[in-house]
Structures are given as structure tokens and as C-alpha cells.
Amino acid sequence: MGTGRDWEQTGPKPSLIVVAIQFVTVMMVLNTWQYFMHRLLHHKKFLYKHIHYYHHRLVVPYAFRALYNHPLEGLLIETIGGALSFLLSEMSPQVSIFFFSFGTIKLVDDHYRLWLHDNPFHIFFTNNLAYHDVHHQLYGTKYNFSQPFFVMWDKILGTHMPCSLKKRTDGGFETRPLKEVTGRDKEQIGPKPSLIVVAIQFVAAMVVLDTWQYFMHKLLHHNKFLYKHIHSHHHRLVVPHTFGALYNHPLEGLLIDTIGGALSFLLSGMSRRVSIFFFSFATIKSVDDNCGL
Numbered sequence: 080m081g082t083g084r085d086w087e088q089t090g091p092k093p094s095l096i097v098v099a100i101q102f103v104t105v106m107m108v109l110n111t112w113q114y115f116m117h118r119l120l121h122h123k124k125f126l127y128k129h130i131h132y133y134h135h136r137l138v139v140p141y142a143f144r145a146l147y148n149h150p151l152e153g154l155l156i157e158t159i160g161g162a163l164s165f166l167l168s169e170m171s172p173q174v175s176i177f178f179f180s181f182g183t184i185k186l187v188d189d190h191y192r193l194w195l196h197d198n199p200f201h202i203f204f205t206n207n208l209a210y211h212d213v214h215h216q217l218y219g220t221k222y223n224f225s226q227p228f229f230v231m232w233d234k235i236l237g238t239h240m241p242c243s244l245k246k247r248t249d250g251g252f253e254t255r256p257l258k259e260v261t262g263r264d265k266e267q268i269g270p271k272p273s274l275i276v277v278a279i280q281f282v283a284a285m286v287v288l289d290t291w292q293y294f295m296h297k298l299l300h301h302n303k304f305l306y307k308h309i310h311s312h313h314h315r316l317v318v319p320h321t322f323g324a325l326y327n328h329p330l331e332g333l334l335i336d337t338i339g340g341a342l343s344f345l346l347s348g349m350s351r352r353v354s355i356f357f358f359s360f361a362t363i364k365s366v367d368d369n370c371g372l
């Protein structure tokens with residue numbers, strides 16, 4: 080008999096270890112989603128001008144405007160990102176109350192404009208008030224996209240701008256970048272990328288594509304409606320073969336291959352020419368995985 084409380088219907092309550100793992104998982108998923116969506120909103124002029132610019136009107140952000148965004152940005156980054164992280168971490172609604180309350184407090188603190196030495200957010204997170212303040216300055220708008228918890232994607236993909244705090248004579252602190260900024264977008268200048276840069280772009284594209292396809296593939300299996308009406312088309316092939324490598328429902332092709340491919344291309348920063356080699360390699364790999372030999 081249903082009680083209307085789904086989280087209480089199956090098994091015992093999760094242990095603290097399970098809850099901790101769910102917290103880390105949801106933080107990683109949310110951080111990954113928000114980094115790439117945030118970066119996309121900056122790198123596409125149309126999206127920045129008509130959507131993300133609303134938030135960057137605040138050169139000096141403050142607490143009450145932490146979520147001062149265009150409605151479409153709120154939907155894309157907060158709502159969809161929050162829903163995905165909740166679903167893929169498999170936390171209960173009860174646990175999610177604590178997580179999203181914690182996430183909201185962290186977001187407000189990142190825009191608070193008060194640096195307090197004993198603030199745990201400033202002690203335990205390098206992605207904090209000072210880090211995000213750099214992003215809101217004119218010299219930092221192409222850097223420090225990571226939010227709201229970790230900075231790993233900035234470091235991996237070369238958009239990390241470390242900073243320091245300098246005391247002002249009239250009181251308070253001022254954030255200072257620790258690297259020189261020329262005012263030119265580093266992705267638009269200079270010689271053709273070296274083999275090392277191309278290798279990094281390949282790895283970045285592989286990580287993005289693999290992450291996207293893992294979570295979308297898992298979602299297509301765990302949601303009965305999506306599996307029945309979309310993903311079961313591919314699983315008709317009990318014994319897969321080469322020509323069935325991309326035998327999918329059109330919506331699955333759009334969701335997993337097209338959107339995943341577009342995201343990996345855009346967010347890795349690779350050129351169109353490099354992308355030809357990457358997606359040719361990925362297609363050959365996909366065909367080989369279904370070859371049966």
C-alpha cells in the first residue's frame with residue numbers, strides 16, 4: 080500500500096557514509112554542469128548579450144543578488160543542474176533538503192562581499208568569495224567559471240585565475256589576480272595549438288563526452304518511461320553488430336550523440352579541424368565496440 084512518501088517505502092534509511100557519498104556525487108555533478116553551462120554563456124556572444132549579461136551588471140555583487148539572473152539562465156544552470164544532480168546522485172528528498180539548503184547558503188556567501196577569516200566556506204573551499212569576485216571584474220570574465228564548490232574544471236581546462244587578498248589602508252581587503260591579463264582572449268590569439276595543447280583538448284573532449292553519455296545512458300535505463308519508449312530500440316540488438324552501432328531512437332541520437340558531441344566540442348576549445356580527427360576516432364571506436372569480433 081502506498082503512503083505517499085516514496086523515500087520511506089524501500090529499505091532502511093541510508094547510513095552516514097552513503098549520505099556523504101551522495102553529497103560528494105551531487106556536488107561533482109552540479110559543479111560539472113554549472114561550469115560548462117557558465118562557460119558556454121560567456122563564450123557565445125548571443126547568449127552572453129541576451130542572457131548572462133543580466134548577472135554581470137553587478138560588477139560588485141552582493142548577497143541579495145546572488146541569484147540575480149535572466150529566467151532562462153536560472154532554468155538552464157540552477158533548475159536543470161539541480162534536477163540532474165539530484166536524480167543522478169540518487170539521494171532521497173529528505174537528504175536533498177539539506178544539500179540544496181547548504182548549496183544556497185554557499186552561493187549567497189560567494190556574493191556576500193565580506194571576507195571573514197573564520198568563515199568555514201573561506202577555509203575549506205578555494206572556490207569562495209575572493210575566487211568568484213575575480214570573475215566579476217573586467218579582467219576576469221573569461222576565467223574562474225567554476226561554481227559553486229570546486230575549481231577542478233578551471234584548472235583542467237586552463238581558465239583558472241588564482242588570486243590573493245591585499246589589505247586596504249582604509250580597511251577591508253581587495254582581490255588581486257596572480258597572473259598578468261593582457262585584455263585579449265587567449266583562445267583567439269597566438270600560433271596554432273601545439274601537440275600538447277591538442278592532446279589536452281582531446282582528453283578534455285573525451286572526459287566531457289564520457290561524463291555526458293554516462294549520466295544520460297544511466298538516466299535512459301533508470302527511468303522506465305524513457306527506457307520503454309526510447310532506449311529499448313537500441314537493446315533490441317541482443318547481439319550487437321557493426322551496422323547497428325548507432326541503431327538508436329532519433330531522440331536518443333539527439334540527446335546522447337548530438338548534444339554530447341556539441342558540448343564536448345564547444346567546451347574542449349578544439350578547432351573544427353581538430354574536431355574532425357576526434358569525432359572520426361570516436362566513431363571508429365563506437366563501431367569497434369559493436370563489431371562482435
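The numbering of the sequence shown is this note's numbering, which starts it at 80 and goes up by one.
We put the beta carbon where it would ideally sit given N, CA and C, even for glycine.
Just so it is clear, the structure is predicted and the values come from calculations on it, not from any experiment.
Residue range C242 to K246 is occupied by the beta strand (DSSP E) that includes S243. A check of alpha carbon separations from F177 across R136, K128, V105 and F200 identifies V105 as the nearest. Bridge partners of T254 according to DSSP: L244.
When the five nearest sequence neighbours on each side are left out, the beta carbons in the same chain lying within less than 7 Å of the beta carbon of M240 are those of V213, G219, Y222, N223, P256 and K258, in order along the chain. Closest in alpha carbon position to N148, among S164, G160 and I130, is I130. Cβ-Cβ separation between I309 and L299: approximately 6 Å, consistent with a contact (criterion under 8 Å).
Nearest Cα to Y127 within the set L109, L151, T248 and P93: L151. Each of T254, G182 and L316 was checked against the Cα of N110, and the nearest Cα belongs to G182. Each residue's CA atom was taken as its position, placing L316 and V108 some 31 Å apart. It is roughly 14 Å from the alpha-carbon of C370 to the alpha-carbon of A361. Following the DSSP letters along the chain, one finds H134 inside the alpha helix (DSSP H) bounded by residues Y132 to H135.
Looking at the backbone, the Cα of V98 and that of G160 are separated by about 19 Å.
Taking C-beta separations shorter than 6 Å and ignoring five residues to either side along the sequence, the partners of Y114 in its chain run F224, S225 and W232, following chain order. Here the alpha carbon of A284 sits roughly 17 Å from the alpha carbon of H117. DSSP places Y147 outside both helix and strand once states are collapsed to three, so it counts as coil. The beta carbons of H312 and H328 sit closer together than 9 Å.
If you keep only unbroken beta strand (DSSP E) runs of at least 3 residues inside the stretch 215-243, you get nothing at all. Between I100 and D249, the alpha-carbon positions lie close to 45 Å from each other. A buried status is given to H201, since no fewer than 16 other beta-carbon atoms sit within 10 Å of its beta-carbon. Scanning its chain for C-beta atoms nearer than 8 Å, with the 5 sequence neighbours on each side dropped, one finds around Y133 the residues Y147, N148, H149 and E152, in chain order. Membership of F200 in the alpha helix (DSSP H) is indicated by the continuous run P199 to F203. Between V174 and F102, the gap from beta carbon to beta carbon is short of 9 Å. Of the candidates F204, I279, I355 and Q292, Q292 places its Cα closest to the Cα of L167. In this model, S273 and V353 are separated by some 11 Å (Cα to Cα). In the structure shown, S175 adopts helical secondary structure according to DSSP, grouped into three states.
If you check the CB distance, I156 and L120 come in under 9 Å. Contact annotation: D189 and N198 have beta-carbon atoms that are not nearer than 9 Å.
Annotation for N110: the continuous alpha helix (DSSP H) segment containing it runs L95 to H122.
Straight across, the Cα-Cα distance linking R247 with T254 is about 10 Å. Taking 9 Å as the cut-off, the Cβ atoms of F304 and F357 do not count as close. Sixteen is the threshold: since fewer than 16 other Cβ atoms of the shown chains lie within 10 Å of the Cβ of S243, the residue is exposed.
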